[in-house]
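FYI, the numbering for the sequence shown is 1 to 242, going by this note's numbering.
Backbone N, C-alpha and C fix where the C-beta goes; we use that ideal spot for every residue, glycine too.
Notes follow once the structure below has been shown.
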Amino acid sequence: MPRILVVSVGTRGDVDPYTAFGLKLKERGYTVGICTHETFGPMVKELGFEFYPLLQDPGKLLSSPEFRQAFLEGGKMDQMRFLKNNSGKTAENWPLEYRAAQDFKPDVLVCSITTVHECTAIAQKLCIPAFCVATIPFGPTSELPPIGLASTPFAVGFMNKMAHSLANKAGWSFFGADLNAFRASLGLPPQNSILTDAMPQLGIFSPLVVPRPSDYPKHSHVVGYWTHKCQPDAYTPDAALA
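Rendered as structure tokens:
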């Protein structure tokens with residue numbers, strides 16, 4: 001059976017859906033490895049996955065004074081400055097992700113939106129298929145702005161698409177040089193943007209919550225949430241709640 005390696009970085013919400021996905025794959029006989037932060041190692045290993053640790057603790061980052069100032073008290077420029085200042089820390093994990101893929105020898109690489117760019121390079125280097133699993137709407141569309149840029153879509157569709165273009169250019173300015181340096185280390189040619197519109201994508205959110213944009217490419221699907229089975233007997237609510 002094929003071997004599937006999942007690579008994701010971020011908070012618990014950037015890891016948990018992939019463990020639910022991995023358990024279903026294991027039920028069907030697949031071998032699944034998960035490459036993510038060391039802090040999630042106990043959870044990943046307890047569920048029976050092969051684990052490949054990465055650097056940084058996202059909990060510490062999100063509780064830092066710099067994050068609070070930028071995202072809770074500051075504006076968009078403060079947030080962009082924070083992301084730019086921390087982009088180098090993200091790149092420190094890319095060689096570890098490649099090493100994990102070399103060790104695990106996957107037949108398919110599954111990445112999140114937080115790892116899609118370096119995983120594109122890794123899949124190209126290893127000549128294996130890859131697809132992106134997005135927990136939020138991801139990719140240029142005239143119907144939605146980039147997540148985090150605006151709380152509601154712009155009234156005119158081309159403004160939403162222009163916002164995606166600006167967000168991609170900003171992202172490229174943050175880590176484009178690091179990404180091309182990583183690609184060069186793998187013997188791959190450079191890129192000139194962070195667009196990943198050719199990679200198959202699964203959106204793991206409900207189309208009842210966010211309908212699939214009509215201008216998404218055919219290889220981009222919205223499939224609903226990936227969650228673990230509920231354990232109804234594992235929790236007894238207080239009498240006041242019951």
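Might you give, ordered along the chain, the residues of its own chain that have their beta carbon closer than 7 Å to the beta carbon of Phe21, omitting 5 neighbours on each side? Mapped onto the sequence shown, residue 21 falls at position 21. Correct list, in chain order: Trp226.
With a 10 Å radius around its C-beta and 16 neighbouring C-beta atoms as the bar for buried, classify Val32 as buried or exposed. Here residue 32 is taken as the residue at index 32 of the sequence shown, counted from 1. So Val32 ends up on the buried side.
So Asn93 and Val9 are in contact, right, with Cβ under 8 Å, and what is the actual spacing, rounded? For the purposes of this step, residue 93 is taken as the residue at position 93 of the sequence shown. For the purposes of this step, residue 9 is taken as the residue at position 9 of the sequence shown. Going by Cβ atoms, the distance from Asn93 to Val9 rounds to 6 Å, so yes, they are a contact pair.
Go ahead and pull the three-state DSSP assignment for Cys35. Walking along the sequence shown from the start, residue 35 turns up at place 35. In the three-state reduction of the DSSP assignment, Cys35 falls in the strand class, which pools E and B.
Taking only the alpha-carbon atoms, compute the straight-line gap between Leu25 and Gly74 and give it to the nearest angstrom. Locating residue 25 in the sequence shown gives position 25, counting from the first residue. Locating residue 74 in the sequence shown gives position 74, counting from the first residue. Approximately 42 Å, taken between the alpha carbons.
Name the residue from Val209, Phe205, Thr236 and Lys229 whose alpha carbon lies nearest to the alpha carbon of Val222. Numbered from 1 along the sequence shown, position 222 holds the residue referred to as residue 222. Just measuring C-alpha positions, the residue of Val209, Phe205, Thr236 and Lys229 sitting nearest Val222 is Phe205.
Let me confirm a value: Ile136 is counted as buried when at least 16 other C-beta atoms fall within 10 Å, else exposed. Which label applies? By 1-based counting over the sequence shown, the position of residue 136 is 136. Answer is exposed; the Cβ neighbour count stays below 16.
8 Å contact criterion, which Cys132 and Met199 should meet: CB distance rounded: If you number the sequence shown from 1, residue 132 lands on position 132. If you number the sequence shown from 1, residue 199 lands on position 199. For a cut-off of 8 Å, the C-beta gap from Cys132 to Met199 is around 5 Å, short enough to register as a contact.
Along the beta strand (DSSP E) that carries Glu143, what are the first and last residues, could you check? Along the sequence shown, read from residue 1 onward, the residue named residue 143 stands at position 143. Annotation: Glu143 is outside any beta strand (DSSP E) and is labelled neither H nor E by DSSP.
Counting C-beta neighbours from all protein chains within 10 Å, is the total for Thr115 16 or more, i.e. buried, or is it exposed? Start at 1 with the first residue of the sequence shown, and residue 115 comes out as number 115. Buried, by the Cβ-count rule.
When DSSP labels each residue in this structure, what does Leu109 get in the three-state scheme? If you number the sequence shown from 1, residue 109 lands on position 109. Looking at Leu109 - three-state DSSP - the assignment turns out to be strand.
Under the three-state DSSP convention, the category Glu194 falls into: Numbered from 1 along the sequence shown, position 194 holds the residue referred to as residue 194. According to the sequence provided, residue 194 is Ile. The question's Glu does not apply to it. Per DSSP, reduced to three states, the secondary structure at Ile194 is coil, with no helix or strand assignment.
Start and end residues, beta strand (DSSP E) containing Tyr52: By one-based count along the sequence shown, residue 52 stands at place 52. Looking at the DSSP string, the run of the beta strand (DSSP E) that includes Tyr52 is Glu50 to Leu54.
Rounded to the nearest angstrom, how far is the Cβ of Glu143 from that of Pro65, given a contact under 8 Å? Along the sequence shown, one-based indexing puts residue 143 at 143. Along the sequence shown, one-based indexing puts residue 65 at 65. The pair is not a contact, with the Cβ atoms about 37 Å apart (cut-off 8 Å).
Give me the Cα-Cα distance between Ala167 and Leu55, rounded to the nearest whole angstrom. Position 167 of the sequence shown holds residue 167. Position 55 of the sequence shown holds residue 55. Approximately 26 Å, taken between the alpha carbons.
Is the CB of Ala240 under 9 Å away from at least one CB in chain D? Judged by its chain identifiers, the structure shown contains no chain D, having just a single protein chain.
Here's the rule: buried if 16 or more other CB atoms are within 10 angstroms of the residue's CB, otherwise exposed. What is Gln69? On the sequence shown, position 69 is the one that residue 69 refers to. By the neighbour-count rule (16 or more Cβ atoms within 10 Å), Gln69 is not buried but exposed.
With Gly41 and Pro58 assumed to form a contact (beta carbons below 8 Å), what rounded beta-carbon distance in angstroms separates them? Mapped onto the sequence shown, residue 41 falls at position 41. Mapped onto the sequence shown, residue 58 falls at position 58. Wrong, their Cβ atoms sit about 13 Å apart, outside the cutoff.
With which residues is His228 paired in a DSSP beta bridge? Against the sequence shown, residue 228 aligns to sequence position 228. BP columns for His228 are empty, so no partner.
Between the Cα of Tyr216 and the Cα atoms of Gly203, Val209, Leu208 and His228, which residue gives the shortest distance? For the purposes of this step, residue 216 is taken as the residue at position 216 of the sequence shown. Shortest Cα-Cα distance from Tyr216 to any of Gly203, Val209, Leu208 and His228 involves Gly203.
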